[in-house]
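First to last, the protein sequences are chains L and E. The first sequence runs 39 to 411 under the numbering used here. The second sequence runs 3 to 180 under the numbering used here. Yeah, the Cβ is synthetic: ideal placement off N, Cα and C, and Gly gets one too. The block underneath contains the structure these notes are about, expressed in structure tokens.
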Amino acid sequence: MIAIGTSSGLGVSLAALPPDWPGGYWWHWLVFVVIILAFVVVMVMAYIYIERRFVGRIQVRLGPNRAGPFGVLQPVADAIKVLLKEDIIPAKGDKLVHWLAPVVAFVPVLMIFAVVPFQNGALLADLNIGILYIVAISSVATVGIFMAGWASNNKFSLLGAMRDVAQVVSYEIPLILAIAGVVLVAGTLSMNGIVQAQSVPFILFQPLGFLIFFLAACAEVNRTPFDLLEAESEIVAGFHTEYSGMKFALFYLVEYAEVLALSAIATTLFLSGWRGPGLPPVLWFLIKVFAVFFLVVWVRGTIPRLRIDQVMAFAWKCLLPLALINLFITGLEIVALPQGLPWFMILVNIAIMIILILLWSRFFRLGGGRVEV
Amino acid sequence: MKFERYGIGIAKGMSVTFRHLLRKPVTTQYPEERLTISRRSRGNELIWDREKCTGCATCAKTCPQGVIEVVTSRGEENNYVVEKFEVDTGYCIFCGLCVEACPYDALFMGYDYERAKYRRGELVMAKEGLLLTDEKQPSGYARPKVEATLPQQTLLVDRAEYLDKVKKKWDLRLPFGL
Numbered sequence: 039m040i041a042i043g044t045s046s047g048l049g050v051s052l053a054a055l056p057p058d059w060p061g062g063y064w065w066h067w068l069v070f071v072v073i074i075l076a077f078v079v080v081m082v083m084a085y086i087y088i089e090r091r092f093v094g095r096i097q098v099r100l101g102p103n104r105a106g107p108f109g110v111l112q113p114v115a116d117a118i119k120v121l122l123k124e125d126i127i128p129a130k131g132d133k134l135v136h137w138l139a140p141v142v143a144f145v146p147v148l149m150i151f152a153v154v155p156f157q158n159g160a161l162l163a164d165l166n167i168g169i170l171y172i173v174a175i176s177s178v179a180t181v182g183i184f185m186a187g188w189a190s191n192n193k194f195s196l197l198g199a200m201r202d203v204a205q206v207v208s209y210e211i212p213l214i215l216a217i218a219g220v221v222l223v224a225g226t227l228s229m230n231g232i233v234q235a236q237s238v239p240f241i242l243f244q245p246l247g248f249l250i251f252f253l254a255a256c257a258e259v260n261r262t263p264f265d266l267l268e269a270e271s272e273i274v275a276g277f278h279t280e281y282s283g284m285k286f287a288l289f290y291l292v293e294y295a296e297v298l299a300l301s302a303i304a305t306t307l308f309l310s311g312w313r314g315p316g317l318p319p320v321l322w323f324l325i326k327v328f329a330v331f332f333l334v335v336w337v338r339g340t341i342p343r344l345r346i347d348q349v350m351a352f353a354w355k356c357l358l359p360l361a362l363i364n365l366f367i368t369g370l371e372i373v374a375l376p377q378g379l380p381w382f383m384i385l386v387n388i389a390i391m392i393i394l395i396l397l398w399s400r401f402f403r404l405g406g407g408r409v410e411v
Numbered sequence: 003m004k005f006e007r008y009g010i011g012i013a014k015g016m017s018v019t020f021r022h023l024l025r026k027p028v029t030t031q032y033p034e035e036r037l038t039i040s041r042r043s044r045g046n047e048l049i050w051d052r053e054k055c056t057g058c059a060t061c062a063k064t065c066p067q068g069v070i071e072v073v074t075s076r077g078e079e080n081n082y083v084v085e086k087f088e089v090d091t092g093y094c095i096f097c098g099l100c101v102e103a104c105p106y107d108a109l110f111m112g113y114d115y116e117r118a119k120y121r122r123g124e125l126v127m128a129k130e131g132l133l134l135t136d137e138k139q140p141s142g143y144a145r146p147k148v149e150a151t152l153p154q155q156t157l158l159v160d161r162a163e164y165l166d167k168v169k170k171k172w173d174l175r176l177p178f179g180l
């Protein structure tokens, strides 16, 4: 979709060239762009439905069950409703930026899926820097959210956007350090290469890394324990207070597409992607994506929203040192341990994870109800 | 060594929510299922007793919304004959002051709560629509004599049955069941 045309000049290259399609790359790209668009939209709808049903069941109610059999058409009904609503722009808002913000937020999220392998070699572009590309591109969505907060001419919007920027800046660091551990073990940055390197899922090699990645990514995509940017008990609806109609729908889509990206990346990095016995690879990929999503929803249904100082302290005092130690230990193991000792490494890493978590529970404290400034 | 600060709380919370995931939902699917409402609950329904009403229009004077309209004529024994007793329940706030004010115990609050209508005009209740019937029975609101005759009930009549239904494990054959 981007940058591939000029790739040779930047030293980026496609690791595995597309198969011999008639007409060269263009057909490959066209087909995969269509597949990715369909995948994102359909999966977002499935996610919205599944999340509402699961959270409903966690709260001992049923969730949406009216539209269609078992309520499966509820996301469709929601989409139609939100598209037909009036589009309101604040009178003193920055109209162009207000209009542009949802697009700026949505496009990078869609671009993440260009390097997610659905099965061996089945991806839009097998970049040799796949995971670096994801890290680079995923943060751009924050610009869109900040644009939305700025253009709305509303203090709540701006507050929410500021919180999001602070959160993303803080959580990006442990996130990337956790990804770096995986890259060390795999020895490649290519997403397809990382999956091919996982004869054993990396969640076993990197249990602490997975935990850090999951928490930091949850904060990055603003899932509920960390959804301070739209904390309705504090700042109305955060950055999308002034959004309605189609533009709000786009932000809603971004929110769930980001969760989809989170689950796809976690699947690829830690759960051995499309690999698995018996079933076709695409099915394995989807099963793992849904498993990660279930974990996300489960966390959302359990843990209440944190305070802003707790969120920041958690990133800098807890996740960052743990991620550094994890990276250090992983590097040490890669250098010192001979090849072919995975089970020893797995046991050691799990033991280290438990020790570190217990230790940091000792170290990491917030004043008992007192806000640390 | 206490394990309160080691993520045990989060693990406990996660297990609680997971157990709730497998529980039977407690919600009532309203149009299909209804809870049996106690006769003692005070609903949004006015009931008018034709025999007891003397047409004094105290209720109309008490009504803060002014939605009760009473028109009377002179009867044979120099009494009031109620020609018109009309309540526009679209404006009624169901405060119950008319029931409390009635000196002849001719007005009651019922226990019905479903007042939605398809047309605005249907909300205006005339004499016949307000009469006592088998379905429209008075609740004990502001009527101690009626209250004494009502059975001793909590709000949910089939409480035991309801709790039994809730406690039952979720039927796993219907994973998202309706």
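Buried versus exposed call for residue i [16 or more other C-beta atoms within 10 Å across all chains shown]
i                      : result
residue 61 of chain E  : buried
residue 12 of chain E  : exposed
residue 350 of chain L : buried
residue 255 of chain L : buried
residue 347 of chain L : exposed
residue 37 of chain E  : exposed
residue 164 of chain L : buried
residue 381 of chain L : exposed
residue 92 of chain L  : buried
residue 111 of chain E : buried
residue 127 of chain E : buried
residue 441 of chain L : Residue 441 of chain L lies beyond the range of chain L shown here (39 to 411); nothing can be said about it.
residue 19 of chain L  : Lying before the first or after the last residue shown, residue 19 of chain L is absent from chain L, which here runs from 39 to 411.
residue 118 of chain L : exposed
residue 307 of chain L : buried
Bridge partner(s) assigned by DSSP for residue i
i                      : result
residue 71 of chain E  : E:88
residue 157 of chain L : L:160
residue 83 of chain E  : E:75
residue 50 of chain E  : E:109 and E:133
residue 191 of chain E : A question about residue 191 of chain E goes unanswered here, because the residues of chain E that appear run from 3 up to 180.
DSSP state of residue i mapped onto helix, strand, coil
i                      : result
residue 397 of chain L : helix
residue 312 of chain L : coil
residue 217 of chain L : helix
residue 113 of chain E : coil
residue 28 of chain E  : coil
residue 390 of chain L : helix
residue 126 of chain E : strand
residue 376 of chain L : coil
residue 110 of chain L : coil
residue 14 of chain E  : helix
residue 181 of chain L : helix
residue 274 of chain L : coil
residue 132 of chain L : coil
residue 104 of chain E : coil
residue 78 of chain L  : helix
residue 191 of chain L : coil
residue 116 of chain L : helix
residue 60 of chain E  : helix
residue 177 of chain E : Residue placement at residue 177 of chain E is flagged as unreliable, the pLDDT there being 43, under the threshold of 50; the coordinate-derived value follows with that caveat. Reduced to three states, the DSSP call for residue 177 of chain E is coil.
Interface residues of chain A facing residue i [CB-CB closer than 9 Å]
i                     : result
residue 77 of chain E : This model lacks chain A altogether, as its protein chains are L and E.
Any non-hydrogen atom of the ligand MN within 7 Å of residue i CB
i                     : result
residue 83 of chain L : Absence of the ligand MN from the depicted structure is noted, as is the absence of any ligand whatsoever, leaving it without description.
Hey, is the segment 165-176 of chain L in contact with the segment 225-239 of chain L, meaning 3+ C-beta pairs nearer than 8 Å? The answer is yes - the segment 225-239 of chain L touches the segment 165-176 of chain L, with three or more Cβ pairs under 8 Å.
Three Cβ pairs or more, each shorter than 8 Å: is that satisfied between the segment 74-84 of chain E and the segment 96-112 of chain E? Contact between the segment 74-84 of chain E and the segment 96-112 of chain E is absent, with fewer than three C-beta pairs closer than 8 Å.
Report yes or no: do three or more beta-carbon pairs, one from the segment 281-300 of chain L and one from the segment 71-86 of chain L, lie closer than 8 Å? yes
Does the count of Cβ pairs from the segment 234-248 of chain L and the segment 205-225 of chain L closer than 8 Å reach three? yes
Mind checking the segment 14-25 of chain E against chain L and listing, in chain order, the residues whose C-beta falls within less than 8 Å of any C-beta there? 15, 16, 18, 19, 20, 22, 23 and 25
Using Cβ-Cβ distances below 9 Å, what residues of the segment 85-111 of chain E are close to chain L? none
If you measure beta-carbon to beta-carbon, which residues of the segment 24-55 of chain E are closer than 7 Å to chain L? 25, 27, 28 and 29
Would you check if there are 3 or more beta carbon pairs closer than 8 Å linking the segment 331-338 of chain L to the segment 176-187 of chain L? no
Below 9 Å between beta carbons is the criterion; list the residues of the segment 331-347 of chain L that meet it against any residue of chain E, in chain order. Cβ contacts with chain E come from 336, 337, 339, 340 and 341.
In chain order, what residues of the segment 77-103 of chain L put their CB closer than 9 Å to some CB of chain E? 91, 92, 94, 95, 96, 97, 98, 99, 100, 101 and 103
Taking any Cβ of chain E, which residues in the segment 372-403 of chain L have a Cβ under 7 Å from it, in chain order? 395, 396 and 399
Inter-stretch contact at 8 Å, needing at least 3 Cβ pairs: the segment 35-49 of chain E / the segment 107-118 of chain L: no
Closer than 8 Å is the cut-off here; do at least three beta carbon pairs connect the segment 23-31 of chain E with the segment 119-136 of chain E? By the Cβ criterion, the segment 23-31 of chain E is not in contact with the segment 119-136 of chain E, since fewer than three pairs of Cβ atoms, one from each stretch, lie closer than 8 Å.
At least 3 beta-carbon pairs within less than 8 Å: the segment 318-330 of chain L vs the segment 357-369 of chain L: no
Hey, is the segment 88-102 of chain E in contact with the segment 41-48 of chain E, meaning 3+ C-beta pairs nearer than 8 Å? yes
Counting pairs of beta carbons, one from the segment 188-199 of chain L and one from the segment 271-283 of chain L, are three or more of them closer than 8 Å? Output reads yes: the segment 271-283 of chain L touches the segment 188-199 of chain L.
Flag this pair as touching only if the segment 262-272 of chain L and the segment 120-138 of chain L have three or more C-beta atom pairs under 8 Å; answer yes or no. Because the criterion of three Cβ pairs below 8 Å is not met, the segment 262-272 of chain L and the segment 120-138 of chain L do not touch.
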